[in-house]
Each structure stands twice: as structure tokens, then as C-alpha cells.
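Heads up: the structure comes next, in C-alpha cells.
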Amino acid sequence: MSARPDAIAPRPILSLRAVGVSFRGVRALDDITFDVPQGGVTAVIGPNGAGKTTLFNCISGIYRHEGDIELDGDALRHLRAHQRTSAGIARTFQTPTLLDTEDVFQNVLAGTQAWTTSGLAGVLIGSRKARREEREARDVAWQHLTAVGLAESAGRLAGALAHADRRRVEVARALASRPRILMLDEPAAGLSAAESDELLALIAAQSRTTGMTSILVEHDVALVMRTARWIAVLDAGKLLATGYPDEIRANPAVVAAYLGVDAEVAA
Ligand SMILES: Nc1ncnc2c1ncn2[C@@H]1O[C@H](COP(=O)(O)OP(=O)(O)O)[C@@H](O)[C@H]1O
Ligand SMILES: [Mg+2]
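Everything in the sequence shown is counted per my numbering, starting at 89 for the first residue and increasing by one.
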């Protein structure tokens, strides 16, 4: 990793150490070691099949892997996927995954289960703490639903939504979990330029107000370059480079493997 004399290195929120995964002998990730700085947007880029989604699956606890991942100094190894969500790791998927037979509001409310403690039993027996928490969860769900511009669709079935709106609901649900880390897997796919700018502006605003760190997998290089403050490049399961956007854009190995000469010229 490069150091910049004019920049104070932020402490890492997430540390990957020698992370590796194989599928039937295919090395999907090999010896991946880098730190994700606290706050702002870190992008993970690379060609199709480079291992970006696999990396997200390792971080969110869906895949078993070699090596270690630490969240703010705490090892995640022994935490299952839902425990990692409660620890503050949220994500969206390359194809949005919603509860299609539930309405939009319930989908977003589901995100709050990461931090509510009382559960339905508490609400049913009417404990004050449970009722207070339930109110707070509903407020938080409304707040994020409104922020993504879908308050008026709260009662619609998620399965009836168009793609861009599904993406928004998924982001609202992830934000409602009050994440410390939000992983976004190709959030701009299927959105217009204006829609994806809007979505990323919303995420940037959330980062500023809460200190949340986002990890963005995205193919739109221009979008990555204007959004990310730190970039990791994967190629065929290996870490090719890490650095600031201007360093990545000028890195000959990255240009050769992924960006192409146009990107360098455009920079
Ligand atoms: N569950 C799986 N079973 C078998 N192979 C997988 C699985 N998940 C990912 N892979 C393989 O791992 C490699 C990386 O895939 P992926 O992480 O989806 O790439 P990216 O998201 O960068 O396009 C690919 O060769 C892919 O086929
Ligand atoms: Mg992928």
C-alpha cells in the first residue's frame, strides 16, 4: 500500500489477512490481504470473475474461507452470517433479494432486526422496552424509506416493483440495520446514470452523518473514480493493487488487466 505524506492514514475498519477460497480446485480468491479504511467509500474493482462477489460472501459470512477477517480489531471467524449483520456488516446483492410477498415497508423494517433485541414475543406481552424499540424501528424504517424516495410505495408488494425501486428498497433495508460497513455489489447495474448518482449520493450522505464505511463493487469506472477514496483491484482471484484513485488510474498493471488505455488517457 502506498503512503501519502499529505494524508493521515485512517485506521482500518476491516482487515483482510491472507483470505483464500477454492471451489472444486478453482482458486476464486488467493492470499487477499488489505485494509479497508474507516469511513467513506472503498471500491473493489476488477474484471468479471475476479472474485469480487466471492470476497463479499467471505466478509458477510456466507462462504467459509482461509485466512482472517477482522472488524475494527475483532475477528469475525466465529460469527455466522446473521451475527455479522448484528455486528454491523450489511450488504446488497448483485440481484436484489427482497421478500417479494411482503410490502415495501416490511422489507425495510426487516433490516432493523439487526439491532432490535426484544423480538415479537416482547411486543406481544407488551413490555415497555419492546414497545419503545418497535416504535423506534418503525421510525427508522420510515426515515430510510423516505430517503430513498419510496415512502409513497410503502404499501406495495415488493414483488411488484421495477428494478430501480427494488434496488432502492434493498439499500433502505441495509441502512435500516444501522451498519458500520455497507457492502454494495454493483448497485448501479440496471439504473440510469441519474439514478445511480442519486443512490450513491444518498449513501455518501449516510456515511457523513453516521461514520458508516461503504465497500463498493462497481463496473462503471468513472463512477468509481469520483466516488471512492480508496480502491482495491482484484484480478483472477489475486490482489493486483491498492491505492488512491489517481494511483490506480495510473497503475500500468491495472490499466493492462482492467481499465484499458482509454481510462489512462481519460484521467
Ligand atoms: N459458489 C460457487 N461455486 C463455484 N464457483 C464459484 C462460486 N462462487 C464463485 N465461484 C467462482 O469464483 C470465481 C469468482 O467469481 P465472483 O466472485 O462471482 O466474481 P466477480 O464478482 O468478480 O465477477 C469465478 O470463477 C466463479 O465461477
Ligand atoms: Mg460479482
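Don't be surprised by glycine CBs; every beta carbon is placed ideally from N, CA and C.
All values reported here derive from a predicted model rather than from experimental measurement.
Where does residue 181 fall in DSSP's three states? Residue state, collapsed to three classes: coil.
Cutting at 6 Å between CB atoms, please list the residues of its own chain near residue 308, excluding the five before and the five after it. The answer, listed in chain order, is 276.
If you run the structure through DSSP and keep just helix, strand and coil, what is residue 271? Residue state, collapsed to three classes: strand.
May I ask which residues mark the beginning and end of the alpha helix (DSSP H) holding residue 309? Start and end: 309 to 315.
Closer than 6 Å by C-beta to residue 178: which residues in its own chain qualify, once you throw out the five before and the five after it? Chain order, please. Only 262, 265, 267 and 270 meet the Cβ criterion.
Check whether the Cβ of residue 180 sits closer than 7 Å to any heavy atom of ligand 2, and report yes or no. Taken from the Cβ of residue 180, every heavy atom of ligand 2 lies 7 Å or farther away.
Would you mind stating whether residue 131 and residue 322 have Cβ atoms separated by less than 8 Å? In this structure, residue 322 does not lie closer than 8 Å to residue 131 by Cβ.
Measuring only from the beta carbon, is residue 141 closer than 7 Å to any heavy atom that is part of ligand 2? At a threshold of 7 Å, residue 141 counts as near ligand 2, since its beta carbon sits closer than that to one of the ligand's heavy atoms.
For the alpha helix (DSSP H) that contains residue 290, what are its first and last residues? Per DSSP, residue 290 belongs to the alpha helix (DSSP H) from 281 to 298.
DSSP puts residue 131 in a beta bridge; with which residues? Residue pairing by DSSP puts residue 131 in a beta bridge opposite 304 and 319.
With respect to the alpha helix (DSSP H) encompassing residue 222, which residues constitute its N-terminal and C-terminal limits? Residue 222: member of the alpha helix (DSSP H) spanning 216 to 235, first to last residue.
Expected contact under 8 Å - CB spacing of residue 312 and residue 287 to nearest Å: Residue 312 to residue 287, Cβ: 14 Å. No contact.
Compute every distance between the C-beta of residue 122 and the non-hydrogen atoms of ligand 1, then say whether any falls below 7 Å. No; taking the cut-off as 7 Å, the Cβ of residue 122 has no heavy atom of ligand 1 nearer than that.
Count Cβ pairs between the stretch 294 to 306 and the stretch 120 to 134 that sit closer than 8 Å; are there 3 or more? Proximity of the stretch 294 to 306 to the stretch 120 to 134 meets the contact definition, three or more beta-carbon pairs being nearer than 8 Å.
With a threshold of 7 Å (Cβ to nearest heavy atom), would residue 160 be considered close to ligand 2? Placement of the Cβ of residue 160 at a distance of 7 Å or more from every heavy atom of ligand 2 is found.
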